[in-house]
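For the sequence shown, our numbering gives the first residue as 1, with consecutive numbering after it.
Every residue gets a Cβ at the ideal spot worked out from N, C-alpha and C, and that includes glycine.
What follows is a single structure, written as structure tokens, with notes after it.
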Amino acid sequence: MLRWIALILILLLIGLQLKLWTGSGSMHEVDSLRVAVKKQTDENAKLLQRNQAVGADVLDLKHGDQAVEARARTELGLIKPGEVFYQVVEPPARAGSSLPPPPPATPAGSP
């Protein structure tokens, strides 16, 4: 009789271990869900930060003229009446050297 009880308990223990490692809600599934939750939490934090930045931009655009003026200048190239627009164009970089070539040498007796 005692053997049968021990055998039943061992089979029950094996069945529970099998369910723990392979069944629904197993250790592997719990680990994968933890990874998914961590990834979603990180994404939510990034999106929250982006939303706060966009909200600050909207607030600046609604209540401040400086933000509107800055956007008009940078994105549309607008200037105020009476201002003069100067565009500085950088010369293209040479492939061989970053220094300009020296002026040609003149002979001592020539003008």
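Same chain, Cβ closer than 8 Å to Ala-72, neighbours up to 5 away in sequence not counted: Result list for Ala-72: Leu-78, in chain order.
- prompt: Helix, strand or coil: which one does DSSP assign to Gly-15?
  reply: helix
field: Arg-116, enclosing alpha helix (DSSP H) - first and last residue
entry: A question about residue 116 goes unanswered here, because the residues of the chain that appear run from 1 up to 111.
- prompt: Between Ser-24 and Leu-18, what straight-line distance do the alpha-carbon atoms span, to the nearest angstrom?
  reply: Rounded to the nearest angstrom, the gap between the Cα atoms of Ser-24 and Leu-18 is 11 Å.
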